[in-house]
Amino acid sequence: METMKIGVKRAILNRLLLSLSLALSLLGTNAVAETFTFTAIPDQDETHLVQRFGKVADHLSKELGVEVKYMPVKNYSAAVTAFRNNQVQLAWFGGLSGVRARLLVANSRAIAQGTEDAHFRTHIIANTRTGLTESDSLPADVRDYTFTFGSKGSTSGRLMPEFFLREHYKASPDETFKRIGFSGDHSRTIALVQSGAYDMGAVNFEVWKRELAEGKVDPEQVQVIWTTPDYPDYQWTVRGDIDEKFGEGFADKIQETLLNMKDPDLLKSFPRSGFIPATNDDYQPILDTAKSLDLIDG
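For the sequence shown, this note's numbering gives the first residue as -10, with consecutive numbering after it.
Written out as C-alpha cells, the structure is:
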C-alpha cells in the first residue's frame, strides 16, 4: 500500500515537472519571438515613410534574428512619446528629438548617424517672386515676407534655422518676419513656398536635394537663397534597457548592423551614403542651442 502511495506521488511530481518544463519552454519561445519595434520622425508624408522603412525593417529582422516592425507616427512629439513609453526600442531621430528622448529614458544612447549628419545643413528657400537670390548672407530686411519653418520639433526645420535667424537679425522670428508658420514637414515647406503660400522657408538640405532630383521642385518658382553653417543632426537612438529585453549585447548588435548597412537601396531610404558611430556627446551643441531658445528646460 505504501509503495502504491509513493508511486502515485512520483507520478504527480513527474506531471508537475513536465508542466513546468513546458511552461518554461513556452516562455522562452515567447521571449525569442518578442517583436523589436522602431520608428522614425515623420520628415515626409506617411506614405513615403512606410515605403522607406518597411524594407529597413525586413533587413534588420534578417540581421538581428528577431521580428522587427516599423511603427509610423504622426509627428515628432509622437516619436519621442513612443520611445519614452517603450512602444519602440529604437528610433531614427533628428538632433532635437533625439536629445529630448534620451533625457526621458535613462541610459539611452545615440549609436549611429548618417555620414552626412555630422555636418548637416538647412537651406533657407524663397519664392522667386520675392526677387531674393542665393547669397553668402541672409537678406538685410525681411519684414515684408512671410516665413514657414517645418515641424516645431525639427532640428533642421526649426531649431537650427531659428538659431541662425536670431543670431543674424538680433530678434525673434515673430519680430523679424511679417508672419511665421509651421508646415509640419520638409516636403510641405517646399510645397508651400513654391506655391507662394509663404515667401520663405527653412528646409533640410537632404530633402531639398532629393525632391529636386525627383522633379518635385520647380526652380522657376522656388530656390535656395542661403545655407546655414554645419551642425549635427539625425541619429539612431536606442533605449537604455534594450539588453534587458532582448539579451546582453543586443544594443551593440544593432549598432554593428546599422554601421554595416551598405545596400544603396536601403541607404536611399534615409537618404544617406552610409552610417558612422555616434555618441550622446556629439549632440551637446543641439542641447545647448535648445536650452538657449527655451525649447528644453535647463
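Every residue gets a Cβ at the ideal spot worked out from N, C-alpha and C, and that includes glycine.
Remember, predicted model here, so these are calculated numbers, not experimental data.
| query | result |
| --- | --- |
| Distance CB(F235)-CB(F25) smaller than 8 Å | yes |
| CA-to-CA distance, I100 to A20, given in whole angstroms | Per-residue confidence for A20 stands at a pLDDT of 41, beneath the threshold of 50, marking its modelled position as unreliable; no derived number is given. |
| Through-space distance from R73 to T93, alpha-carbon basis | In the sequence as presented, Thr is not what sits at residue 93; that position holds Leu. Cα-Cα distance, rounded: 6 Å. |
| H108, buried or exposed, once every other Cβ within 10 Å from all chains shown has been counted against 16 | exposed |
| Residue nearest to V131 in terms of C-alpha spacing, selected from I114, T278, Y272 | I114 |
| Cβ-based neighbour list, S66, same chain, cut-off 7 Å, excluding 5 preceding and 5 following | G142 |
| Assumed close pair A29, A90 - CB separation to whole angstroms, cut-off 8 Å | So it is not a contact: roughly 12 Å between Cβ atoms. |
| Buried or exposed by the 16-neighbour rule on C-beta atoms within 10 Å, applied to T104 | exposed |
| Residue range of the beta strand (DSSP E) that includes P31 | It is not in any beta strand (DSSP E) - P31 carries neither H nor E in the DSSP assignment. |
| Buried/exposed call for T122, threshold 16 Cβ in 10 Å | exposed |
| Cα-Cα separation, G339 to G190 | This structure leaves residue 339 out entirely; the chain is present only between -10 and 287. |
| Backbone CA spacing between T165 and G185 [nearest angstrom] | 19 Å |
| Sequence-distant residues of its chain with Cβ nearer than 6 Å to T137 (five each side left out) | G170, S172, T178, L181, Y187, G190 |
| For T111 and S145, believed in contact at Cβ under 8 Å, the rounded distance | 5 Å |
| N- and C-terminal bounds of the beta strand (DSSP E) containing I275 | Run containing I275: none in the beta strand (DSSP E); it sits in the alpha helix (DSSP H), 273 to 281. |
| Where the beta strand (DSSP E) containing K58 begins and where it ends | 57 to 59 |
| Straight-line Cα distance separating D106 from D277 | 18 Å |
| Residue closest to T216, alpha-carbon to alpha-carbon, out of A202, N193, K205, T226 | N193 |
| Run of the alpha helix (DSSP H) containing Q78, from where it starts to where it stops | It is not in any alpha helix (DSSP H) - Q78 carries neither H nor E in the DSSP assignment. |
| Where R41 sits in the DSSP three-state scheme | helix |
| Cβ-Cβ distance between Y220 and P150 below 8 Å | no |
| Span of the alpha helix (DSSP H) around A202 | 194 to 202 |
| Uninterrupted beta strand (DSSP E) stretches inside the region 152 to 223 (no shorter than 3 residues) | 168 to 171, 189 to 193, 211 to 216 |
| Counted within 10 angstroms of its Cβ, other Cβ atoms place D241 as buried (16 or more) or exposed | exposed |
| Nearest-angstrom Cβ-Cβ length linking Q224 and F82, presumed shorter than 8 Å | 6 Å |
| Backbone CA spacing between Y59 and L53 [nearest angstrom] | 14 Å |
| Per-residue DSSP class, three states only, for T268 | coil |
| Per DSSP, the bridge partner or partners of T135 | R168 |
| Exposure label - P253; buried when at least 16 CB within 10 Å | exposed |
| Supposed close pair Q183, N116 - CB separation, criterion 8 Å | 7 Å |
| Coarse secondary structure for I285, derived from DSSP in three states | coil |
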